[in-house]
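Take a look at the structure below.
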Amino acid sequence: QESMTQELQEANMTRLYVEMELPLSKVLYEMEREGFRVDRDILKQLQTQFNDQSAQLAKEIYAETGETFNILSPKQLGEVLFEKLGLPTGRKNKSGFSTDADTLESLMDRHPAIPMIQEYRFITKLKSTFVDGLLNVVSAENDRVRTQFNQCVTATGRISSTEPNMQNIPVRTPQGREIRRAFIASDGNVLVDAD
175 QESMTQELQE ANMTRLYVEM ELPLSKVLYE MEREGFRVDR DILKQLQTQF
225 NDQSAQLAKE IYAETGETFN ILSPKQLGEV LFEKLGLPTG RKNKSGFSTD
275 ADTLESLMDR HPAIPMIQEY RFITKLKSTF VDGLLNVVSA ENDRVRTQFN
325 QCVTATGRIS STEPNMQNIP VRTPQGREIR RAFIASDGNV LVDAD
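Here's what the structure looks like:
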């Protein structure tokens with residue numbers, strides 16, 4: 175501890191540590207302990223909605239490609255797009271053709287299934303990562319999700335959030351805003367989002 179104190183003094187950061195970082199750690203602890211209240215019903219509705227949307231998109235993709243396959247499998251998707259449909263190939267990787275977002279973006283106007291595939295990926299990721307993920311960690315006793323806030327992880331000095339990552343929930347899409355709607359204030363309080 176002495177060597178760390180000395181390092182802080184040498185870096186002229188003792189005041190920052192004592193006046194900002196230590197008090198902030200107590201605030202973050204309280205936030206972690208309190209958690210965020212979540213409306214389970216909204217998440218369950220979104221789960222059903224995203225399931226229905228992805229099932230409908232899959233039907234449309236299969237109709238457009240003339241093939242039933244695992245849309246989320248890069249190998250199977252590459253075979254359908256590049257071997258069966260003959261679309262121009264991009265990069266190849268060890269498992270076959272690349273079907274990453276950039277590759278699909280470059281093929282956007284080449285086949286009507288491409289925008290549907292991108293939407294399918296987006297909807298299934300939202301559902302599995304955020305809706306299913308949040309439902310798996312919400313407390314049964316008080317409908318709260320508790321995350322871990324990290325003061326020292328990002329290079330920019332921003333606070334980060336893990337398990338679950340509450341800062342990663344999309345806000346620029348209607349579906350992301352619907353997921354955010356599931357976070358509700360405790361009675362007599364309001365939620366404030368600031369950056």
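Using my numbering, the first residue of the sequence shown is number 175, and each one after it goes up by one.
All residues carry an ideal CB built from backbone N, CA and C; glycine is no exception.
Asked	Found
Per-residue burial, T273 [other beta carbons within 10 Å of its own, 16 or more giving buried]	buried
Assumed close pair Q219, K301 - CB separation to whole angstroms, cut-off 8 Å	Not quite, the Cβ-Cβ distance comes to about 12 Å (not below 8 Å), so this is no contact.
For T336, the three-state DSSP class (helix, strand or coil)	strand
Rounded distance between the beta-carbons of V345 and R354, thought under 8 Å	6 Å
Span separating the alpha-carbon of Q292 from that of A229	14 Å
First and last residue of the uninterrupted alpha helix (DSSP H) at N342	Careful: N342 lies outside any alpha helix (DSSP H) and carries neither H nor E.
Backbone CA spacing between Y191 and P338 [nearest angstrom]	27 Å
Beta-carbon gap between F304 and F210 smaller than 8 Å	no
Entirely enclosed beta strand (DSSP E) segments - the segment 180-266, minimum 3 residues	none
Counterpart residues of V319 in DSSP-defined beta bridges	F210
Alpha carbon of K233 to alpha carbon of V254, nearest angstrom	15 Å
Residue range of the unbroken alpha helix (DSSP H) whose run includes F296	287-299
L202 and F296 closer than 8 Å at C-beta	no
V366 burial status per 10 Å Cβ neighbour count (16 or more: buried)	exposed
Per DSSP, the bridge partner or partners of F357	V212
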